[in-house]
Amino acid sequence: MTLRVVMMVLALAVAAAVAGSPVAQAQQPGGTLVVQVATEPPGLDLTTNPSSAIAAVIFDNVQEGLVKVDKTGKIVPWLAERWYTTDSKNYTFFLRKGVRFHNGREVRAADVKFALDRAVNPETKHPYRVQYDVIGDVIVKDDYTITIALKRVDATFLYTMARQGSVIYPREAMDSLKTQPLGTGPFTVAEWVRGDRIVLARNKDYWVKGLPRLDKVTYRFIPDPNATLAALKTGDIDVSAFGIGPESVDELKKDPRFQVIVGDTTNDVTLSMNNSKKPFSDKRVRLAITHAINKDEVLKGAMFGHGKILGSNVDPTNPYYVDMSKEKPYDPAKAKKLLAEAGYPNGFDVVLKVAPQYYYTVRSAEVLVSQFAKVGIRATIQQIEWGQWLSQVFCLAPCQNPDYDMSIIGHAEAFDIGNFANPKYYFRWDSPEFQKLFAESQVTVDDKQRRELYVKMQKMLADEAPAVWLYMHPRLVVTKKGVTGIWKDLPLPVLDLSEVAWQK
């Protein structure tokens, strides 16, 4: 995977010049597909909940945005056929004509304004709403032309427009967003049987000619890797998208009934700490935890060696990535020394809250418990359901303060270093110095200067340790023989099924 989001948003003129219409390969649609996902979505509204479980079903399948990150990581035109900017502050988008929502109404500029105004509105309570604060005004020029005026230059603005919070939907469908979202995508939501399945049906009026190729997609919720493996072998599912255990990869590669896809993601598995409470408010404790971790052992124990060790919060495919792993190496003796300096010579008790629907969180936690014990940190694993994790740890509204000590989850959003600049993010790390650096990076268009700022930010995160990035979760997908069109790499937490088909 080559995620060139940064370079694309810096080369705006080039991006606009190469903007063209999506190309659909000629193949007759037809057939059904049963897809395993690990977690049932808590709802289906992409705009108020950042859950990757929602994105796997809805994003780019049911709802779409003005632009899109394609399978190579490039930003390409989508509902907007082109765009331009002369000052990197005012972006004018030209909508494709004839694109219709699932209710049959044509998409107009007023719909874009409604959706983006709502994204900016503080009442929306989306955890990533801060990324939309840069939008000053959304101006309708005519039915197919809209200008987005920014408060300041933002080098990642186009990437924000490609995120799940920027999908376009009809105003009249607001009441059904959580259960029956309408959009412009290749599929419609046909059925949701809680606890069992979500069914998508082919949008016969989809604006991309020849797509989608499938008539129906059924998502089944199977959190356990062993149950997923059994479902594959019995033929109950056709695709395991987010749930096959890495220990089964070699076995499945030898089985002629299946094909195994191994690729890259932007999913950085992170050990989070609640920086707003003791002892994690003390930098010495956070650094001690960092030095207590042997990442190689964690990767081996959780992922059987699949994946890559992380040396920074920035995705390694990002041109601004700097490997900081050698600056804070595994060093139990130093960890003990730091704990003693912080007033914890005998360690302390801590609870690791994890969601077992994501198997790697439990496996990683088990390795960490053993490693922490060697430096006197007595960790207990508490497994909670995904909905509880979102409300207690991630602190979705109406939560005011996160209720956790430490946790583990994969952060699937590329280019998410800005989370550390948000003191209300669930890390609860409040650093005015870092916030200033990040704000400066957002308005810096010169690539060399921007890279320097990113190096400073990564160095600061390594020195302050508000969280510990462990490893990149690999893309592990298993399908029945004959399934085509599954993306090898994931530049975003998305499961785009528009081009998936059965071979004839």
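Counting in the numbering used here, the sequence shown runs from 1 upward without gaps.
From the three backbone atoms N, C-alpha and C, an ideal C-beta is built for every residue, glycine too.
- The way I'd put it, the segment 287-307 does touch the segment 240-257; three or more beta-carbon pairs between them come closer than 8 Å.
- Under the 10 Å beta carbon count, GLU64 is surrounded by 16 or more other beta carbons and is classified as buried.
- Across the structure, LEU33 and LEU310 are spaced so that their CA atoms are roughly 34 Å apart.
- In the DSSP annotation of this structure, the continuous segment of the beta strand (DSSP E) that includes GLN383 starts and ends at 377-383.
- In this structure, DSSP gives THR265 an extended state, which the three-state scheme calls strand.
- C-alpha of LYS113 to C-alpha of ILE289: approximately 46 Å in a straight line.
- ASP142 is bridged by DSSP to THR145.
- Counted as a single uninterrupted DSSP element, the alpha helix (DSSP H) harbouring ARG284 occupies residues 283-291.
- ASN313 and ASP331 have their C-alpha atoms roughly 20 Å apart.
- Membership of VAL76 in any alpha helix (DSSP H) is not indicated; the residue belongs instead to the beta strand (DSSP E) covering 75-77.
- Taking the Cα positions, ALA412 is about 9 Å away from PRO491.
- Going by C-alpha positions, ALA155 is about 20 Å away from GLU433.
- By the neighbour-count definition (other C-beta atoms within 10 Å, threshold 16), VAL67 is a buried residue.
- Ranked by Cα distance from GLN388, the first of GLN357, GLY418, ALA365 and PHE372 is GLN357.
- Setting aside the 5 residues that flank it on each side, ASP60 is surrounded in the same chain by VAL494 and ASP496, each with a C-beta closer than 6 Å to its C-beta; the list follows chain order.
- For ILE198, the secondary structure class from DSSP, reduced to helix, strand or coil, is strand.
- In its chain, beyond the 5 residues on either side, ILE309, LEU310, SER325, TYR330, LEU470 and TYR471 have a beta carbon closer than 8 Å to the beta carbon of LYS295.
- Judged by their CB atoms, LEU338 and ARG284 are nearer to each other than the 7 Å cut-off.
- In the structure shown, PHE157 adopts helical secondary structure according to DSSP, grouped into three states.
- Burial is judged here by how many other beta carbons sit within 10 angstroms of a residue's own beta carbon; SER498 has at least 16 and is buried.
- Between ALA365 and the set ILE381, VAL57, SER391 and VAL375, the nearest pair of CA atoms involves ILE381.
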